[in-house]
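For reference, the structure is listed below as structure tokens.
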Amino acid sequence: MSRTTVNGHWREEALEEFVRHLHSRGFRVTEARKKVFAGVLARDDHFSADELAAALARGEGRVSRGTVYRSLDLLLESGFVRKIVDSEAHAHYEHIFKRPRHEHLKCEVCGAYIEVGGEAFGALIEDLCRRHDFEQRAWRVLVLGRCSRCRRG
């Protein structure tokens, strides 16, 4: 799915939405928070908070590790990123603004994440919730195993 908007500036649209969210919650819009947000949107991979902090600690206008962690919490709360926690409680993040729903297969050998479409999972979850009169708040699927490259060894 393309992330382009009518004007083709999805990053600007995302920043505007994030700023609105911060204002609605009474948080200040700081340059550091904007840099963390831009750093997240610049990534098309799954990343740890420490990886993002290391990238933002270099160069001009450095951002502290604490600011990265606090900003990621705000981005989680606002729905711009999703946190993926594996069986060892390692957390990785990905931005989900204007991206289709998807889930993950994670190789326990090399650590690779493989994204798989989430439509079928969504339909199954909705059906299960309906049958059990359960109001869902959120859901995620993470399948652990070995990728084809690691199985071939």
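Residues in the sequence shown are numbered consecutively from 1, following the UniProt record's numbering. By construction, the Cβ of each residue, glycine as well, lies at the ideal position given by its N, Cα and C atoms.
(1) Per DSSP, what kind of secondary structure is E103 in: helix, strand or coil?
(2) To the nearest angstrom, report how far apart R140 and E103 are at their CA atoms.
(3) Answer with buried or exposed for S71, where buried requires no fewer than 16 other C-beta atoms within 10 angstroms of its C-beta.
(4) Using 8 Å as the threshold, is the C-beta distance between F37 and L15 below it?
(5) Quick one: is the Cβ of V36 within less than 7 Å of any heavy atom of the ligand MN?
(6) Could you say which of H23, R131, R28, R33 lies nearest to R65 if we only look at CA atoms?
(7) By how many angstroms is the C-alpha of E13 removed from the C-alpha of L22?
(8) Out of T67, R58, F47, which has the shortest C-alpha to C-alpha gap to V85?
(9) Go ahead and label H92 buried or exposed: buried means 16 or more other beta carbons lie within 10 angstroms of its beta carbon, across all protein chains shown.
(10) Going along the chain, which unbroken runs of the beta strand (DSSP E) with 3 or more residues stay wholly within the region 30-117?
(11) Comparing C-alpha positions only, which one of K98, V143, E94, F134 sits nearest to C107?
(12) Quick check on the DSSP output: the alpha helix (DSSP H) that includes V19 runs from which residue to which?
(13) Using 8 Å for Cβ pairs, my map puts G122 next to R101. What's the rounded Cβ distance?
(14) Let me know the secondary structure DSSP gives residue 154 once reduced to three states.
(15) Please list, in chain order, all residues of the same chain as T4 whose beta carbon is under 7 Å from its beta carbon, the five residues on each side excluded.
(16) For my contact list, R62 and V109 are in at a C-beta cut-off of 8 Å; report their separation, rounded to the angstrom.
In brief:
(1) strand
(2) 7 Å
(3) buried
(4) yes
(5) Looking at this structure, you won't find the ligand MN or any other ligand, since it has none at all.
(6) R33
(7) 14 Å
(8) F47
(9) buried
(10) 81-85, 91-95, 102-107, 113-117
(11) V143
(12) 10-24
(13) 6 Å
(14) Absent from the model: residue 154. The displayed extent of the chain is 1 to 153, so no value can be given.
(15) Any answer about T4 is weak, because its pLDDT of 44 lies below 50 and its placement is not dependable; what the coordinates show is given next. These residues qualify, in order along the chain: W10.
(16) Wrong, their Cβ atoms sit about 35 Å apart, outside the cutoff.
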